[in-house]
Amino acid sequence: MEYDENGVSIVPAELKKEIFEEARKDFRYEEYVRGCLNCGVCTGGCPPHRFFDFSPRIVLQKMKSKDPELIWTMMDEYVWACFQCFTCAMICPFLNSPGGVIAILREIAVRRGFESAKKVLKPYSRVLLKLTAYGNQLSPDMIQPDFFPDWGPHIGYASTDLAVKRKAIPMPTLQVTNLAWDVAPETMKELYDIFDEAGVFKIIESVDPSLYEIIQDIVDDVRSS
Amino acid sequence: MAIEISNRLGLANVKSDFIHTAGRKLEDIHERLLELEAKGEVKVIHVKEENKAIEAETLLGWKKKVPTNKLWHHKSCGQCGNIPGYPVSLLWFMNQMGLEYVDERNQTSCTAWNYHGSGTSNPVGLAAVAVRNWHRAYELGLFPLFHCATTFGDYKEMRNLLVENKELRDEVRRIMHKIGRELVIPEYIVHYSEWVHVMRFEIAKLKKYDLSNIIATVHPACHTYKMIPEDCIYDKDIYAGKRTAVSTGVMLALGAQVADYSTWYDCCGFGFRHILTEREASRSFVMDRKIRPMVREAHSDVCITQDTGCTTTLDKNQWIGKAMGYTEQVPVMADVMFAALACGADVFKIVQLQWHTTDWRPLCEKIGIDWKKSEEEYNAYLEELKAGGKTINLYEYPKS
Amino acid sequence: MSENILVIGGGPAGLNAAVMLSELGVNVTLVERDSFLGGNPKKFKYKFLFPDMQPADNVIGELIKKTESADNIKVYYSSEVSDFKENGKKFDAVIKSTSGSETKTFDSVIVATGFEHFDPARDAKYSYQLFDDVIDIKDLERMMGENNFVRPSNGKPPKKVAFILCVGSRDRHVGNQYCSRVCCTVSVKQAIEMREHFPDCEAYIFYMDIRTYGFFEDLYWKAMEEHDVQIVKGRIAEITSGPDNTVVCKGEDTLLRGPFEIPFDMVVLASGMEGGSQSPEISSKLGIELDEHGFLKPENVTLSPFKSNKPGVFLAGACTGPKAISDSITEGAAAAMNAYTYAVKNR
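Protein chains in written order, with our numbering: chain A, 1 to 225; chain B, 1 to 400; chain C, 1 to 347.
Printed below as a string of structure tokens:
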């Protein structure tokens, strides 16, 4: 991507149009974007609106404008501010879903490997790895003071004697330290087939190629086991 | 009649004669699902007699059957590694009540983290993961029970998308055939908090402590009641039917007081992406928008949650608040964990509060629970295990 | 021999139709479901009417007096049309009341069955029934009418009151996409009234659009300029409990403040109008059409808004859609003229 003297990306109008078309073609779009009278209910109830420059009303209005320039302005930081709580979707009197629109736009940003998406998802890679390679997520051994210093000294509780503390949990599925629960390899293989078929691996490759490599190594190992 | 809402107590107990009706012109997905089944398009996991379902009313007055027996536990990927007392408390109750279930290794995360957090998924992928897990319950002849609110929200959405879109159905069916499975959809998508809700009077029968001096604040999870809201339980005797009844219902049944606070509808600040990649936003949100109002306005002894992410976010982020002069603290735990405590479950071995960050000991003392004794026993138990002792499990899964 | 015309409903439209027909020498049968005449304005004790703040009794009371004193109007109270059949160009109707059933033949019929106030309990987000201090415009109208303007929670006079517009109107959640037309003006009128009688009490109006159409706009200006009513553009998203037993209204001030959370002593919901349960009932009983909004459907909404799809059956007032009392009275007269013409032609 090219940048001007102020570091702002120079993007051809054609690409902006393409992105809008891509969003509009999503099969969920019609259901998420209906009429909007600027009543402000969505933004009035929006939790991140109180902390960020983010307004679901503006999201809806920009989509309704059908102006690729306006939609482009949301593709970088803006879409990532949303909490995905769906307060807006619940309370919109006209049944719009700005939160749903955000999901569509994020998926586009990731699929197209936008730099902003890569940057924003960098600290997310550990979770992405566990989720994609093991069908799991926050494992006990991830909860360490190094990673969560702001969670206070008690986080260290999981650092000592973790294996025995996990063993003391009276659910056999939970008596592991490297996974939240012990997922069977056969189950993981089914998940990989799904990710292959649905193009999920491909999405991860576009946004984080090196992570994709690591995931594929694990996938190969499990598949050959 | 006029109800004094001084101290915001009593609001949860307001009853009304109101009967919910569907004003909103929405298709009843349940009916359409049964139509598709009749056409041979999908298979349906039905609520059967043996599931001993209890009926509850949803926001639009629809009836939802909540199965209470013969369940397949769909664990939460954010819960098991971090808040182990959450699923354990639930299984503990099911054992107390002699109910049947399976908790096994053949389950994946719903992967909706990649939906709401990072955008690294797509509807086909999410729907296929959902159907794979549903089908596993189906082949065991069990009804799936979802522990996580995001799973609950995501699966409700995937069910709706599958019912409404033939292309998606065809694609997911194709993928299922590839992995030797079929396209199945449960008749109802049921969250564990709904199980707790319909079982609340049974739970209350097991109560060991007087809770009338305990003031609880409830944090409802966005993904339980804001996503596909027409599918969530509302009860005219709880908040006059104006707010979702789950979690509050069991607290009232246990005889605790539930206090309102001004930011009840706010999320927890988790934000999916933010808790990992913009942590200061989550932290500020927790303290400003949830913990401080709960303590200052409602004098809350405990914050009751119904989801994984909320429990983690609200519990873990109070410590750092002190650095910014936020001195308010309140222990955080899920409805089922508090209920287990109230019914005499062990603080360490079952409710596993030792993993929680915000101090929960004052709460135990207020209830009258001897946590020190429990801690001693637990430490001794750990020593036994270190020496090669065997875990006393609530459940043994069939080795496959 | 005089014509016989049936009027169903004794609100502003039905009363004026009955009075006009009576003056033309028609024998009028007026069927009223309540034990009194006057319709919703009487039932909910409306006090002052917009735009000129004249007492509601001057208008409704006048029509009731004329009706009751006319020799050729027979009023059936607490009654209903229990059976209805066409008889050539005429109609046979069974009128069921507390004193039994009576079958009568009519030359034409006017349906003036009115509307029902939207029940705000149906929309969970407004917490009506949950907070005692959340009331609606009809509750406030009654409080004013009974000179009992206090907070239901503690009996004390409120110091800060919010009016929320478009409750149950322009909202797909409750199935009503239409505008109820009068609630904006009623709310502005009530805010003025409140400020006049209780100058210590602040008034806020939260709106999506203020639709004080035509000359009703005078009230809007008056509220702003003479009565210092705060008018904020933004629909309310949430209502929760606030400090000192207040209720907090949350929303976005879409023009000025951004997000706001303001505590109020009392919240007044401008509930809209609905066709009510009587509209589908009368529609199936008389064989006339119902529209997609739940009101009765005129044959041609522009050319003949007072005609139903069935010749000889005419429509008047809020049974065909939300409207002001003055419009209902006008339609009562229009329907009377049409019903009379039909009756004379087919004598």
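Here a beta-carbon is modelled for each residue, glycine too, at the ideal position from N, C-alpha and C.
These figures come from a predicted structure and were not determined experimentally.
{"Check": "Residue-level contact to chain B via CB, G135 (chain A), 7 angstroms cutoff", "Outcome": "yes"}
{"Check": "Residue ranges of each beta strand (DSSP E) within the region 19-92 of chain C, 3 or longer", "Outcome": "27-31, 73-76 and 80-87"}
{"Check": "Residues of the region 34-51 of chain A with Cβ closer than 9 angstroms to any Cβ of chain B, in chain order", "Outcome": "G45, P47, P48, R50 and F51"}
{"Check": "Buried or exposed by the 16-neighbour rule on C-beta atoms within 10 Å, applied to K64 (chain B)", "Outcome": "buried"}
{"Check": "Minimum Cβ-Cβ distance from K373 (chain B) to chain A less than 7 angstroms", "Outcome": "no"}
{"Check": "7 angstroms CB neighbourhood of I392 (chain B) in its chain, flanking five on each side removed", "Outcome": "none"}
{"Check": "Close beta carbons around A324 (chain C), own chain, < 6 angstroms, minus the five adjacent residues each side", "Outcome": "V182"}
{"Check": "Where I10 (chain A) falls, given that 16 or more other Cβ within 10 Å makes a residue buried", "Outcome": "exposed"}
{"Check": "Of the listed residues C:E226, C:K233 and C:D52, nearest to R211 (chain C) (C-alpha basis)", "Outcome": "C:K233"}
{"Check": "Nonlocal neighbours in the same chain, by C-beta distance under 7 angstroms from P362 (chain B), ignoring five residues either side", "Outcome": "none"}
{"Check": "Neighbouring residues, chain B, relative to A131 (chain A) (Cβ below 8 angstroms)", "Outcome": "The amino acid occupying residue 131 (chain A) in the given sequence is Leu; Ala does not appear at that position. Under the 8 angstroms cutoff, chain B gives C77, S109, T111, W113 and N114."}
{"Check": "Cβ pair V351 (chain B), W371 (chain B) closer than 7 angstroms", "Outcome": "no"}
{"Check": "C-beta atoms of L385 (chain B) and V164 (chain A) nearer than 7 angstroms", "Outcome": "yes"}
{"Check": "3 or more residues per run - each beta strand (DSSP E) lying fully within the region 318-369 of chain B", "Outcome": "332-334"}
{"Check": "Under 7 angstroms by beta carbon: chain A residues contacting M227 (chain B)", "Outcome": "F86"}
{"Check": "Y188 (chain B), DSSP secondary structure in three states", "Outcome": "coil"}
{"Check": "Cβ-heavy atom distance, D200 (chain C) to the ligand HEM, below 6 angstroms", "Outcome": "No copy of the ligand HEM appears in this structure; indeed no ligand is present at all."}
{"Check": "Span separating the alpha-carbon of M224 (chain C) from that of L15 (chain C)", "Outcome": "35 angstroms"}
{"Check": "Chain-order list of residues whose beta-carbon lies under 8 angstroms from that of T111 (chain B) (same chain, five-residue window excluded)", "Outcome": "S121, G125, L126 and V129"}
{"Check": "Neighbour flag for L121 (chain A) against chain B, beta carbons, 7 angstroms", "Outcome": "yes"}
{"Check": "Ranges of the beta strand (DSSP E) found wholly within the region 281-337 of chain C, counting only runs of at least 3", "Outcome": "313-315"}
{"Check": "Nearest-angstrom Cα separation, counted from G145 (chain C) out to M1 (chain B)", "Outcome": "Because the pLDDT of M1 (chain B) is 33, which lies under 50, any placement of that residue in the model is unreliable, and the question is left without a value."}
{"Check": "Proximal residues of chain B, C-beta to C-beta of Q129 (chain C) below 8 angstroms", "Outcome": "V14, S16, F18, A240, G241 and K242"}
{"Check": "Cα-Cα separation, T173 (chain A) to L179 (chain A)", "Outcome": "10 angstroms"}
{"Check": "D307 (chain B) in three-state terms, based on DSSP", "Outcome": "coil"}
{"Check": "Continuous beta strand (DSSP E) stretch holding C249 (chain C): start and end", "Outcome": "V247 to D253"}
{"Check": "Chain A contact for I320 (chain B) (CB, 7 angstroms cutoff)", "Outcome": "yes"}
{"Check": "Residue-level contact to chain B via CB, E116 (chain C), 7 angstroms cutoff", "Outcome": "no"}
{"Check": "Beta carbon proximity, N393 (chain B) to chain A, threshold 7 angstroms", "Outcome": "yes"}
{"Check": "Distance between beta carbons of K104 (chain C) and N4 (chain C), contact taken as under 8 angstroms", "Outcome": "7 angstroms"}
{"Check": "Coarse secondary structure for M1 (chain B), derived from DSSP in three states", "Outcome": "Residue confidence is low: M1 (chain B) scores 33 on pLDDT, short of 50, so the model does not pin down where it sits. No coordinate-derived value is stated."}
{"Check": "Opposing strand residues paired with I164 (chain C) [DSSP bridges]", "Outcome": "C:F206 and C:L269"}
{"Check": "Residues, ordered as in the chain, of the region 95-107 of chain A that lie near chain C by beta-carbon distance below 7 angstroms", "Outcome": "L95"}
{"Check": "Per-residue burial, V344 (chain C) [other beta carbons within 10 Å of its own, 16 or more giving buried]", "Outcome": "exposed"}
{"Check": "Other residues of its chain near V42 (chain B): CB distance less than 6 angstroms, five sequence neighbours each side excluded", "Outcome": "L36, L183 and I185"}
{"Check": "Residue burial classification, R257 (chain C) (beta-carbon count within 10 angstroms, cutoff 16)", "Outcome": "exposed"}
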